[in-house]
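Using my numbering, read the sequence shown as starting at -7 and increasing by one per residue. Glycine is no exception: its CB is placed at the ideal position from the N, C-alpha and C atoms.
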Amino acid sequence: MKKIFLSAVIALALCSYGYAQDDEEYEEEEAAPAKVAKAPAYEEEEEEEAAPAPAPKKAEKKKSTTAPTSLGFMGIGVGWDQNTALGTTEYIKLKFRLNESMQLAAIFGLAHYGVTTTTYTPNGGNETTNDGTDDYTPLLIGAEFDFFLPTPLLPSYIGADVIYASAGEKTTPNGTGNDTYSESALQFDVIFGVQAELVSNVFLTGKIGLGFDYLMSDDKTAGGDETSTGRFVFGTQAGIELSWFFL
């Protein structure tokens, strides 16, 4: 009887011990908080650093004012120059605008000066008309190069030209026989000009400069003798010009 009782007590004790262990394990599992995995902060910083910085914008360079903005490639101009050696000359220019800074021009000039006609009436006679022999036709031909300067206001330029001027052959007034002479000149000019655009592609130019002229003359008498002379002249010149670029 005692053995049975002891066996029952021992069995109950073992069951109580096993149940207590199960309760403790269950309480430990419930007490353990769930861990939330956080992404490391350094990875986000690396991603932000990896993004390339936007490239800085280059400052646009301001263009200086040289030739006018409404440019044309080819144009025509008419001009008048006052030269201390040759007097007043009129010419036509065919212009070519190479770019905003450079310009070429071909120079042409042609004019005809008629004879002097004298009318008189002798005493008691009829009216008489006498034509002189002083008619001649001057010819100008040359070339010009201009370089425009970067000025802030009106476009200005420096230029140089070479011009051949010929007055043709003339008969000496009141001469005997067929005395004739011819005059010509080789002209080299250095000029400074300023131009304003009146309307689109139409320009008015004023210029001043220095002229270096070599004057030549050939005199031929009725007897066949011929004399050639030449002289160098240095002087100033000024002029005005109107141009239109149509291409």
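Check your understanding: Taking the Cβ atom as the reference point for each residue, do residue 224 and residue 64 lie within a distance shorter than 8 Å?
Key -> For the 8 Å CB-CB criterion, residue 224 and residue 64 do not form a contact.
Practice item. Provide the residue(s) that pair with residue 121 in DSSP beta bridges, ordered along the chain. Key: The secondary-structure analysis by DSSP pairs residue 121 across a beta bridge with 111.
Exercise for review: Could you check the C-alpha separation between residue 51 and residue 66 for me, to the nearest Å?
Suggested key: Low confidence applies here, because residue 51 scores a pLDDT of 49, under 50, leaving its location unreliable; read the following figure in that light. Rounded to whole angstroms, residue 51 to residue 66 spans 34 Å at the Cα level.
Point to revise | Pick from 120, 111, 79 and 152 that is closest to residue 260, judged by C-alpha positions | key: It is not possible to answer for residue 260, since the shown part of the chain is limited to -7 through 239.
Exercise for review: May I ask you to report which of helix, strand or coil DSSP gives residue 218?
Suggested key: Per DSSP, reduced to three states, the secondary structure at residue 218 is strand.
Check your understanding: Which residue's Cα is closest to the Cα of residue 84: 177, 90 and 69?
Key -> Among 177, 90 and 69, the Cα nearest to that of residue 84 is on 69.
Exercise for review: Thinking residue 156 and residue 178 are a contact (beta carbons under 8 Å), I'd like their distance in whole angstroms, please.
Suggested key: Confirmed, Cβ separation roughly 6 Å.
Review point. Is it the case that the Cβ atoms of residue 228 and residue 198 are separated by a distance below 8 Å?
Key: Against a cut-off of 8 Å, the Cβ pair of residue 198 and residue 228 comes out as no contact.
Check your understanding: How many Å lie between residue 213 and residue 171 at the Cα?
Key -> So the two alpha carbons sit approximately 4 Å from each other.
Review point. Quick one: what's got a C-beta closer than 8 Å to residue 115's C-beta in the same chain, skipping five residues either side?
Key: Once the five neighbours on either side are set aside, residue 115 has no close Cβ partner at all.
Check your understanding: Relative to the alpha-carbon of residue 142, which residue among 186, 89, 209 and 231 has its alpha-carbon at the smallest distance?
Key -> From the listed residues 186, 89, 209 and 231, the smallest Cα separation to residue 142 is found for 186.
**Study point:** For residue 192, the residue or residues it bridges with in DSSP
**Key:** Paired residue(s): none; residue 192 is not in a bridge.
Exercise for review: Enumerate in chain order the residues of its own chain whose CB-to-CB distance from residue 222 is below 6 Å, with the five nearest sequence positions on each side excluded.
Suggested key: Counting only Cβ-Cβ distances below 6 Å, and skipping sequence neighbours, we find 208.
Check your understanding: Which residues mark the beginning and the end of the beta strand (DSSP E) in which residue 136 is found?
Key -> It spans 131 to 141 - the beta strand (DSSP E) in which residue 136 sits, taken as one unbroken run.
Check your understanding: Where DSSP assigns a beta bridge to residue 100, which residues make up the other side?
Key -> For residue 100, which the question treats as bridged, DSSP gives the partners 84 and 133.
Check your understanding: Are there 16 or more other CB atoms within 10 angstroms of the CB of residue 81, so buried, or fewer, so exposed?
Key -> Under this definition residue 81 is a buried residue.
**Study point:** 8 Å CB neighbourhood of residue 105 in its chain, flanking five on each side removed
**Key:** The answer, listed in chain order, is 126, 127, 128, 129 and 130.
Point to revise | Terminal residues of the beta strand (DSSP E) in which residue 153 lies | key: Looking at the DSSP string, the run of the beta strand (DSSP E) that includes residue 153 is 148 to 163.
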